[in-house]
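Asks: Chains as they are written, first to last, in this note's numbering: chain A, 1 to 403; chain B, 1 to 238. All C-beta atoms, glycine included, are put in the ideal place defined by N, C-alpha and C.
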Amino acid sequence: MFAETLKLSIRTIMRNALRSMLTVLGVVIGVAAVIVMVTLGEGTTAKVTSDVAKLGSNILMVRPGQAGFGPASASADVKAFTVKDVDAIESQVAGVVTAAPTASRSLTAIYGSLNHAMPVTGTDNRYLAARDWTVASGRDFSDGELAAGASVCILGETVRQALFGDGDPVGAVIRLKQIACRVIGVLDKKGASGFGNDPDDVILVPLKMLQRRIAGNQDVAAIFVAVGDGYDTAEVQADIESLLRERRGIGVGEKDNFTILDMAQITSMLTSVSGVLTGLLSAVAGVSLLVGGIGIMNIMLVSVTERTREIGIRLAIGAQAHQVLTQFLVEAVVLSLFGGVIGVAAGLGLAAIAGRWLNVPFVINPAIVIVAFVFSALVGVAFGYFPARRAAHLDPIEALRHE
Amino acid sequence: MPLAAAPPPLIAFRSVGKVYGSGDAAVAALKGIDLAIARGEFVAIMGPSGSGKSTAMNILGCLDTPSAGAYEFMGVDVGDLNRDRRALLRRHFIGFVFQGYNLLPRTSALENVEMPLIYRGVPAGDRRRLAYDALAKVGLADRAGHDPNQLSGGQQQRVAIARAIVARPQVILADEPTGNLDTATSREIMDLLTALNQADGNTIVMVTHEPDMAAFARRTIHFLDGRIAGDGPSAEAA
Numbered sequence: 001m002f003a004e005t006l007k008l009s010i011r012t013i014m015r016n017a018l019r020s021m022l023t024v025l026g027v028v029i030g031v032a033a034v035i036v037m038v039t040l041g042e043g044t045t046a047k048v049t050s051d052v053a054k055l056g057s058n059i060l061m062v063r064p065g066q067a068g069f070g071p072a073s074a075s076a077d078v079k080a081f082t083v084k085d086v087d088a089i090e091s092q093v094a095g096v097v098t099a100a101p102t103a104s105r106s107l108t109a110i111y112g113s114l115n116h117a118m119p120v121t122g123t124d125n126r127y128l129a130a131r132d133w134t135v136a137s138g139r140d141f142s143d144g145e146l147a148a149g150a151s152v153c154i155l156g157e158t159v160r161q162a163l164f165g166d167g168d169p170v171g172a173v174i175r176l177k178q179i180a181c182r183v184i185g186v187l188d189k190k191g192a193s194g195f196g197n198d199p200d201d202v203i204l205v206p207l208k209m210l211q212r213r214i215a216g217n218q219d220v221a222a223i224f225v226a227v228g229d230g231y232d233t234a235e236v237q238a239d240i241e242s243l244l245r246e247r248r249g250i251g252v253g254e255k256d257n258f259t260i261l262d263m264a265q266i267t268s269m270l271t272s273v274s275g276v277l278t279g280l281l282s283a284v285a286g287v288s289l290l291v292g293g294i295g296i297m298n299i300m301l302v303s304v305t306e307r308t309r310e311i312g313i314r315l316a317i318g319a320q321a322h323q324v325l326t327q328f329l330v331e332a333v334v335l336s337l338f339g340g341v342i343g344v345a346a347g348l349g350l351a352a353i354a355g356r357w358l359n360v361p362f363v364i365n366p367a368i369v370i371v372a373f374v375f376s377a378l379v380g381v382a383f384g385y386f387p388a389r390r391a392a393h394l395d396p397i398e399a400l401r402h403e
Numbered sequence: 001m002p003l004a005a006a007p008p009p010l011i012a013f014r015s016v017g018k019v020y021g022s023g024d025a026a027v028a029a030l031k032g033i034d035l036a037i038a039r040g041e042f043v044a045i046m047g048p049s050g051s052g053k054s055t056a057m058n059i060l061g062c063l064d065t066p067s068a069g070a071y072e073f074m075g076v077d078v079g080d081l082n083r084d085r086r087a088l089l090r091r092h093f094i095g096f097v098f099q100g101y102n103l104l105p106r107t108s109a110l111e112n113v114e115m116p117l118i119y120r121g122v123p124a125g126d127r128r129r130l131a132y133d134a135l136a137k138v139g140l141a142d143r144a145g146h147d148p149n150q151l152s153g154g155q156q157q158r159v160a161i162a163r164a165i166v167a168r169p170q171v172i173l174a175d176e177p178t179g180n181l182d183t184a185t186s187r188e189i190m191d192l193l194t195a196l197n198q199a200d201g202n203t204i205v206m207v208t209h210e211p212d213m214a215a216f217a218r219r220t221i222h223f224l225d226g227r228i229a230g231d232g233p234s235a236e237a238a
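Following this line, the structure appears as structure tokens:
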């Protein structure tokens with residue numbers, strides 16, 4: 001009996017192919033929006049997670065100012081850190097393996113006739129240790145170079161390629177701004193993106209060199225802290241916070257004028273950006289499904305009226321109310337499931353295209369595909385019930401008389 | 001020593017009344033009808049418009065219930081049954097033939113005939129075979145795959161008759177079955193109904209305007225103003 005009902009409803013829908021297509025458009029858009037949203041969201045999360053893993057999971061980042069994720073030198077009016085803060089963190093907080101001071105500027109490097117723009121980070125060897133970066137060729141900074149703020153630099157792989165092609169840059173002299181700078185080493189290629197940035201697209205110089213000759217101040221814009229294995233990151237974070245509050249003279253009850261981020265927070269900050277997009281698409285999906293449902297209800301009411309005579313015949317022949325109800329309900333559900341199938345296909349297609357464009361990996365979540373189908377079926381039941389009930393409660397005598 | 005009770009008639013009206021509307025607007029369509037129809041009869045019901053014959057047919061077909069008196073079908077008081085129970089009675093025991101054929105459009109003759117069997121839960125294979133047999137009985141075996149709009153009026157009515165008999169009902173109710181047909185075709189349909197009655201023993205109750213058609217039945221009941229004005233053997237056809 002149910003198979004008959006199913007067959008009948010598919011046939012009825014196919015008979016009015018164009019009308020059915022237009023009817024389910026709302027469901028298609030709603031389901032597609034959900035699929036795009038979730039697929040892109042999952043892709044973003046996967047990407048951020050892998051990016052964060054690249055950064056190192058036991059890293060804390062200390063920045064002046066409150067919250068917000070952006071360039072480390074974002075707010076000029078916020079009191080920067082000093083090298084002494086870094087040394088204090090490293091020597092006084094238990095669990096800190098290493099703390100590296102950094103300050104950055106975006107500059108153009110010139111070598112011969114070639115030039116390349118990238119961030120220049122002033123730091124010391126502890127930064128390499130904290131981020132687990134290694135030197136592929138050449139060497140890291142010597143103590144003398146660090147103390148003197150010598151004009152030496154270590155190139156990221158991307159910079160090396162841009163300025164030297166296949167050549168070995170160690171020993172060559174490049175220019176940063178107007179400053180001649182000797183290349184002493186090249187970093188190992190880390191590959192792929194870090195937060196959409198290329199981590200290989202960087203030049204490291206001694207912190208003092210950046211402070212004196214490029215930035216013209218003594219500021220440390222951000223501190224990278226590597227926490228030792230077996231230490232609780234949250235505890236270390238709290239210790240650093242109280243140390244820095246003391247050093248920066250923040251009274252009881254006053255707010256921190258710096259921020260300590262662990263990777264979980266960095267991850268959530270990065271994913272919160274896509275939260276706005278998710279909210280927007282959810283709204284689109286919700287409204288579309290509602291409109292789609294109303295469309296289905298409308299067309300089912302039309303269908304019940306058109307087929308009043310058929311309903312009368314069926315009732316006269318011995319169909320019971322629930323059988324007529326089932327027939328029309330199944331038809332509504334098949335209709336909206338049909339919209340769901342198209343919506344899932346369209347959503348996955350759109351997500352694949354948009355993902356390539358936004359540089360987000362394409363991750364299919366089977367659960368959401370199933371949820372989308374269930375949801376579209378529910379739309380069919382919810383909005384098909386009223387018309388189906390109307391059909392089931394027709395008076396057979398009246399229905400048979402209907403023209 | 002038990003008294004051999006006579007088997008109850010297939011159809012029994014006991015002082016059946018039917019009132020539509022209420023209060024001042026109330027219209028009495030049937031005013032106390034007593035009627036019994038036994039198995040194997042071929043009965044014609046005649047009467048002018050508004051005489052109550054359609055109302056009587058609706059009650060006979062368990063599509064409606066009396067407002068007074070009792071209607072017993074196969075010994076069951078239909079007035080006590082709800083909508084779904086009456087649907088079951090129709091499904092298992094009553095076949096309908098309408099003036100306007102009432103076939104499902106864009107659905108083949110075979111599938112139209114199969115429909116009552118679907119509601120009876122007959123498996124697909126048996127259904128097809130039984131429907132085909134019924135079509136063969138009305139002489140349309142070669143039109144099984146045709147849609148109603150590819151068939152003539154007479155052929156459509158034959159399909160409708162096949163649909164009415166396919167589930168082997170206790171009674172066939174025909175509401176002006178020849179009302180839309182020309183004389184020659186009407187005679188073919190009446191011959192078919194007569195054969196179904198005489199050869200197969202089907203009980204047939206038929207409403208008609210035309211004395212020529214009523215003459216095919218063996219008994220004619222005349223309705224007038226909601227009452228039975230005459231009940232007896234049909235007049236010979238002219």
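Give a yes or no on contact between the region 385-397 of chain A and the region 46-66 of chain B, applying the rule of three or more CB pairs nearer than 8 Å.
Replies: Touching, yes, given that three or more Cβ pairs across the two stretches are closer than 8 Å.
Asks: Between which two residues does the alpha helix (DSSP H) holding E133 (chain B) run?
Replies: For the purposes of this step, residue 133 (chain B) is identified with residue 133 of the second sequence, where counting begins at 1. With the sequence shown as reference, residue 133 (chain B) is identified as Asp, and Glu is not the correct amino acid for it. Taken as a continuous stretch (DSSP letters only), the alpha helix (DSSP H) holding D133 (chain B) covers A124 to K137.
Asks: Of all the residues that make up the region 108-122 of chain B, which are near chain A by a beta-carbon distance shorter than 7 Å?
Replies: Result list: M115, P116, I118, Y119 and G121.
Asks: In three-state DSSP terms, what is G138 (chain A)?
Replies: Start at 1 with the first residue of the first sequence, and residue 138 (chain A) comes out as number 138. Strand at G138 (chain A).
Asks: Tell me the rounded alpha-carbon separation between D84 (chain B) and H322 (chain A).
Replies: Here residue 84 (chain B) refers to the residue found at position 84 when the second sequence is read from its first residue. Here residue 322 (chain A) refers to the residue found at position 322 when the first sequence is read from its first residue. So the two alpha carbons sit approximately 9 Å from each other.
Asks: Whose C-beta lies closer than 6 Å to the C-beta of D77 (chain B) among residues of the same chain, with five residues either side of it excluded?
Replies: Here residue 77 (chain B) refers to the residue found at position 77 when the second sequence is read from its first residue. So the qualifying residues of the chain are A70.
Asks: Could you tell me the distance, in whole angstroms, from the CA atom of Q198 (chain B) to the CA atom of R39 (chain B)?
Replies: Position 198 of the second sequence, counted from the start, is the residue given in the question as residue 198 (chain B). Position 39 of the second sequence, counted from the start, is the residue given in the question as residue 39 (chain B). Going from the Cα of Q198 (chain B) to the Cα of R39 (chain B) covers about 12 Å.
Asks: For Q320 (chain A), count neighbouring C-beta atoms within 10 Å of its own C-beta (all shown protein chains included) and say buried if the count is 16 or more, exposed if not.
Replies: Counting from one through the first sequence, the residue named residue 320 (chain A) turns up at place 320. Buried, because 16 or more other Cβ atoms sit within 10 Å of the Cβ of Q320 (chain A).
Asks: Please go through the same chain and pick out, in chain order, the residues whose beta-carbon is closer than 6 Å to the beta-carbon of G149 (chain A), but skip the five residues on each side of it.
Replies: Indexing the first sequence from 1 puts residue 149 (chain A) at position 149. The answer, listed in chain order, is P206, K208, M209 and R212.
Asks: Could you check what DSSP says for S75 (chain A) in three-state terms: helix, strand or coil?
Replies: Translated into the one-based positions of the first sequence, residue 75 (chain A) becomes position 75. Legend: pLDDT at S75 (chain A) = 48, less than 50; position of this residue unreliable, value from coordinates given subsequently. In the structure shown, S75 (chain A) sits in coil (DSSP, three-state: anything other than H, G, I, E or B).
Asks: What residue range does the beta strand (DSSP E) around S15 (chain B) cover?
Replies: Position 15 of the second sequence holds residue 15 (chain B). Element bounds for S15 (chain B): I11 to Y20.
Asks: Excluding five sequence neighbours on each side, which residues of the same chain lie with their C-beta closer than 7 Å to the C-beta of G242 (chain B)?
Replies: Outside the displayed range of chain B (1 to 238) lies residue 242 (chain B), so it cannot be described from this structure.
Asks: To test your reading of the DSSP string, which unbroken beta strand (DSSP E) runs of 3 or more residues are found completely within the region 32-70 of chain B?
Replies: Qualifying beta strand (DSSP E) stretches, in chain order: 42-46.
Asks: Would L140 (chain B) be called buried (16 or more neighbouring beta carbons within 10 Å of its own) or exposed?
Replies: Looking up residue 140 (chain B) in the second sequence gives position 140. Buried, since its Cβ has 16 or more Cβ neighbours within 10 Å.
Asks: Excluding the 5 residues flanking I179 (chain A) on each side, which residues of the same chain have their C-beta closer than 7 Å to its C-beta?
Replies: The residue you call residue 179 (chain A) lines up with position 179 of the first sequence. For I179 (chain A), where only same-chain residues beyond five positions count, the Cβ hits under 7 Å are S151 and R213.
Asks: From what residue to what residue does the alpha helix (DSSP H) around F213 (chain A) run?
Replies: Counting from 1 along the first sequence, the entry for residue 213 (chain A) is found at position 213. A quick correction: the sequence has Arg, not Phe, at residue 213 (chain A). Neither: R213 (chain A) is in no alpha helix (DSSP H) and is coded neither H nor E.
Asks: Compare the C-beta of A46 (chain A) with all C-beta atoms of chain B and state if any pair is closer than 8 Å.
Replies: Locating residue 46 (chain A) in the first sequence gives position 46, counting from the first residue. No, its Cβ sits nowhere closer than 8 Å to a Cβ of chain B.
Asks: Find out if the Cβ-Cβ distance for the pair D239 (chain A), A32 (chain A) is shorter than 8 Å.
Replies: What you label residue 239 (chain A) is simply residue 239 of the first sequence in a count that begins at 1. What you label residue 32 (chain A) is simply residue 32 of the first sequence in a count that begins at 1. Not closer than 8 Å, so no.
Asks: On the premise that P361 (chain A) lies in contact with G43 (chain A), defined as a C-beta separation below 8 Å, what is that separation, rounded to the nearest angstrom?
Replies: Within the first sequence, the letter at position 43 stands for residue 43 (chain A). Within the first sequence, the letter at position 361 stands for residue 361 (chain A). 5 Å between Cβ atoms; contact.
Asks: Can you tell me whether L187 (chain A) is buried or exposed? The criterion is at least 16 other CB atoms within 10 Å of its CB, across all chains shown.
Replies: Within the first sequence, the letter at position 187 stands for residue 187 (chain A). Label assigned to L187 (chain A): buried.
Asks: Decide if the region 219-238 of chain A is in contact with the region 163-179 of chain A; the criterion is three or more beta carbon pairs, one per stretch, under 8 Å apart.
Replies: Touching, no, given that fewer than three Cβ pairs across the two stretches are closer than 8 Å.
Asks: Relative to the C-alpha of I317 (chain A), which candidate in B:P116, B:V205 and B:A214 has its C-alpha closest?
Replies: For the purposes of this step, residue 317 (chain A) is taken as the residue at position 317 of the first sequence. The option with the nearest alpha carbon to I317 (chain A) is B:P116.
Asks: Could you check what DSSP says for F375 (chain A) in three-state terms: helix, strand or coil?
Replies: Mapped onto the first sequence, residue 375 (chain A) falls at position 375. DSSP places F375 (chain A) in helix when its eight states are reduced to three.
Asks: Checking contacts by CB at 8 Å: is A131 (chain B) closer than that to chain A?
Replies: For the purposes of this step, residue 131 (chain B) is identified with residue 131 of the second sequence, where counting begins at 1. No, no contact with chain A.
Asks: Within 10 Å of its beta-carbon, does S15 (chain B) have 16 or more other beta-carbons around it, so buried, or fewer, so exposed?
Replies: What you label residue 15 (chain B) is simply residue 15 of the second sequence in a count that begins at 1. Exposed, because fewer than 16 other Cβ atoms sit within 10 Å of the Cβ of S15 (chain B).
Asks: Where does I342 (chain A) land, buried or exposed, given buried means 16+ other C-beta within 10 angstroms?
Replies: Numbered from 1 along the first sequence, position 342 holds the residue referred to as residue 342 (chain A). By the neighbour-count rule (16 or more Cβ atoms within 10 Å), I342 (chain A) is buried.
Asks: Within a Cβ cutoff of 6 Å, which residues of the same chain sit near A285 (chain A), ignoring the five residues on either side of it in sequence?
Replies: Here residue 285 (chain A) is taken as the residue at index 285 of the first sequence, counted from 1. G30, A33 and V34, listed in sequence order.
Asks: If you measure from the beta carbon of E310 (chain A) to each beta carbon in chain B, is any gap under 8 Å?
Replies: The count along the first sequence starts at 1 and reaches residue 310 (chain A) at position 310. So, interface residue.
Asks: Examine chain B for any beta-carbon lying closer than 8 Å to the beta-carbon of T278 (chain A), and answer yes or no.
Replies: Here the question's residue 278 (chain A) lines up with position 278 in the first sequence. Answer no: the Cβ-Cβ gap between T278 (chain A) and chain B never drops below 8 Å.
Asks: Please list, in chain order, the residues of the region 300-326 of chain A that have any C-beta partner in chain B closer than 8 Å.
Replies: Per Cβ criterion, the list reads R309, E310, G312, I313, R314, L315, A316, I317, G318, A319, Q320, A321, H322 and Q323.
Asks: Quick check on this structure: which residue in B:L30, B:F93 and B:A144 has the alpha carbon closest to the alpha carbon of F73 (chain B)?
Replies: As a position in the second sequence, residue 73 (chain B) is number 73, starting the count at 1. Selected option, being the one with the closest Cα: B:F93.
Asks: Taking C-beta pairs closer than 9 Å, name the residues in chain B that R15 (chain A) reaches, listed in chain order.
Replies: In the first sequence, counting from the first residue as 1, residue 15 (chain A) sits at position 15. Result: R106.
Asks: If we count the other Cβ atoms within 10 Å of its Cβ and call it buried at 16 or more, is H393 (chain A) buried or exposed?
Replies: Residue numbering aside, residue 393 (chain A) sits at position 393 when the first sequence is read from its first letter. H393 (chain A) should be labelled exposed.
Asks: Residues of chain A with CB under 8 Å from F96 (chain B), in chain order?
Replies: Within the second sequence, numbered from 1, the residue matching residue 96 (chain B) stands at position 96. Result: A316 and I317.
Asks: Comparing alpha-carbon positions, which option in B:K18, B:T185, B:G23 and B:G52 lies nearest F223 (chain B)?
Replies: Residue numbering aside, residue 223 (chain B) sits at position 223 when the second sequence is read from its first letter. Answer by Cα proximity: B:G52.
Asks: Taking 8 Å as the CB-CB cut-off, is L151 (chain B) touching chain A?
Replies: Start at 1 with the first residue of the second sequence, and residue 151 (chain B) comes out as number 151. With 8 Å as the cut-off, L151 (chain B) does not count as an interface residue toward chain A.
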